[in-house]
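*Asks:*
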Ligand SMILES: *Cc1c(COP(=O)(O)O)cnc(C)c1O
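Numbering (the numbering used here), first residue to last: 751 to 1174.
1. In the structure shown, what three-state DSSP assignment does residue 1099 receive?
2. Assuming residue 952 contacts residue 973 (C-beta within less than 8 Å), just tell me the rounded distance between them.
3. Which residue wins for smallest C-alpha separation from residue 1093, given the options 1047, 1112, 1151, 1082?
4. Compute the distance between the beta-carbons of residue 1112 and residue 1127, then report whether it is under 8 Å.
5. For residue 937, count the other beta carbons within 10 Å of its own beta carbon; 16 or more makes it buried, fewer makes it exposed. Which is it?
6. Which word fits residue 800, buried or exposed, when buried means at least 16 other C-beta atoms lie within 10 angstroms of its C-beta?
7. May I ask whether a heavy atom of ligand 1 can be found less than 7 Å away from the beta carbon of residue 1193?
8. Taking its Cβ as the centre, do 16 or more other Cβ atoms sit within 10 Å of residue 1153, making it buried, or is it exposed?
9. Return the first residue and the last residue of the alpha helix (DSSP H) that residue 770 is part of.
10. Skipping 5 residues on each side, what residues in its chain have a beta carbon closer than 7 Å to that of residue 861?
11. Given a threshold of 16 other Cβ atoms within 10 Å of its Cβ, counted over all protein chains shown, does residue 1077 qualify as buried or as exposed?
12. Kindly provide the ranges of any beta strand (DSSP E) runs that are 3 or more residues long and lie completely inside the segment 1134–1171, ordered along the chain.
13. Output yes or no for whether 8 Å exceeds the beta carbon distance between residue 843 and residue 871.
14. Using DSSP bridges, identify the partner residues of residue 968.
15. Under 8 Å by Cβ, that's how I've got residue 1033 and residue 764 pegged, so tell me the actual separation to the nearest angstrom.
16. Considering only heavy atoms of ligand 1, does any lie closer than 7 Å to the CB of residue 939?
17. So, helix, strand or coil for residue 751, using DSSP?
18. Should the segment 806–819 be called in touch with the segment 1059–1075, which here means at least 3 C-beta pairs below 8 Å?
19. Tell me whether residue 1051 is buried or exposed, calling it buried when 16 or more other Cβ atoms sit within 10 Å of its Cβ.
20. From the DSSP output, which residues share a beta bridge with residue 856?
21. Would you call the CB atoms of residue 968 and residue 955 closer than 8 Å?
22. For residue 798, which of helix, strand or coil comes out of DSSP?
23. So which of 1041, 796, 778, 1101 has the shortest CA-CA distance to residue 961?
24. Nearest-angstrom Cα distance between residue 705 and residue 1170?
25. Using 8 Å as the threshold, is the C-beta distance between residue 1018 and residue 830 below it?
26. Give, in chain order, every unbroken run of the beta strand (DSSP E) that is at least 3 residues long and sits entirely within the segment 1027–1104.
27. Does the pairing of the segment 883–891 with the segment 801–812 give three or more beta-carbon distances under 8 Å?
28. Can you look up residue 994 in the DSSP assignment and give me helix, strand or coil?
29. Do residue 1070 and residue 1054 have their C-beta atoms closer together than 8 Å?
30. Tell me, please, which residues DSSP counts as bridged to residue 900.
31. Quick check on this structure: which residue in 916, 1002, 1167, 1148 has the alpha carbon closest to the alpha carbon of residue 945?
32. On a CA-only basis, which of 1065, 1031, 911, 1140 is nearest residue 776? Give me that one, please.
33. For residue 932, which residues from the same chain have a beta carbon less than 6 Å from its beta carbon, with the 5 sequence-adjacent residues on both sides left out?
34. Go ahead and label residue 1025 buried or exposed: buried means 16 or more other beta carbons lie within 10 angstroms of its beta carbon, across all protein chains shown.
35. Please find out if some non-hydrogen atom of ligand 1 comes closer than 7 Å to the beta-carbon of residue 1093.
36. Looking at C-alpha atoms only, which residue of 1142, 1167, 1166, 1173 is the closest neighbour of residue 908?
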């Protein structure tokens, strides 16, 4: 029933139903384990023939409220919260793929995702094939019978690229391979990827969902729309699971087979559970998601225009600007026609960009995004300092590039701060 509510009302109220105390917020259940009613009850829970709580690595009532809320916001049927966004990615891939399989993904990815894929997963024997997301044929050519997912970001960070979701959905359908979308930078308020054909959606809840920059968290949402049996690529979901006495996930859990498998298999065995306290904090953040996103984007548009007209700014790249190379898809798929991340270069290159970063006083110089506070980063002197100038160019990051995650302050104050730091 809650799914029919508008996204704003859903964000404010979530799926939380008041308990007998009448408390308006979910309780924080700091309990590792849950009492079995009797031995039969315990056995049924372990056999998955009855739903309920066993141990907080698997399930927690506070965390469940967050999972149901985000699933509803994204238009999915179930979700699994994790300790971080990185872990949400790992849970997804660990459930879909094994040694010898491959994932076809974009070469425009968040840096942490890139290293997880290119370094860690490669060590587990899962091959990650990178392709240009502007060219769907490149993806098409890399898909074979060992491909277990097509993986993209709704707004690539820091490039601002927005994919043509329609083409990716068609490709996914053609090969019967699930489409996985990291929706961290857009949030369901700007785009709901499931509506455009995504099967699995991932968030670093650390960023906009929480918004306060206080806790880490991640979440994976199952759309319930992928036909695992018709795909034929996922015997772990469609044939008997020996660790559950021969249970077949697609038969037992129906449309929610993937979410169930991820929880009772990958999460049970690997761990990486979110703290109920962090889940509560993220739930609190979500209550203002829609209002924050509106201000984030409004501010980003104003800041981009200001930077465009500044004599000490060499270039501005923001997908919410009409003449931007990413604007067509941003306008088509993002409800507000742009995101809240932008990049720009200071005239004078590396040194001048570094100087700018050191001169701003309101904007934070930290390695994060999606906070209510404006954040500036200079990849060439920080996160990407190991890379040569040539390597930087190859990743689309010039030595003068500054990334801004535009916050929700009064934008005039941020503009003044930037203006002063840019010098006259
Ligand atoms: C930050 C981020 C992640 C990783 O999330 P953590 O919560 O930091 O582990 C993944 N994807 C994107 C797009 C991000 O911005």
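Backbone N, C-alpha and C define an ideal beta-carbon position, used for all residues, glycine too.
*Replies:* In brief:
1. helix
2. Not quite, the Cβ-Cβ distance comes to about 12 Å (not below 8 Å), so this is no contact.
3. 1151
4. no
5. Classification for residue 937: buried.
6. exposed
7. Any question about residue 1193 goes unanswered here, given that the chain covers just 751 to 1174.
8. buried
9. Element bounds for residue 770: n/a, residue is neither H nor E.
10. 1133
11. buried
12. 1151–1155
13. yes
14. DSSP lists 832, 954 as partners of residue 968.
15. In this structure residue 1033 is in contact with residue 764, their Cβ atoms being roughly 6 Å apart against a cut-off of 8 Å.
16. Not so, every heavy atom of ligand 1 lies at least 7 Å from the Cβ.
17. Interpretation of residue 751 is limited by its pLDDT of 45, a score under 50 that renders its predicted location unreliable; the figure taken from the coordinates is listed afterwards. The answer is coil: DSSP assigns residue 751 none of H, G, I, E or B.
18. no
19. buried
20. 881
21. yes
22. coil
23. 1041
24. Because the chain here runs from 751 to 1174, residue 705 falls outside it and cannot be looked at.
25. Cβ atoms of residue 1018 and residue 830: not closer than 8 Å.
26. 1063–1067, 1091–1096
27. no
28. helix
29. Cβ distance < 8 Å, so residue 1070 and residue 1054 count as in contact.
30. DSSP output for residue 900 lists 854, 929 as bridge partner(s).
31. 916
32. 1031
33. 903, 952, listed in sequence order.
34. buried
35. no
36. 1142
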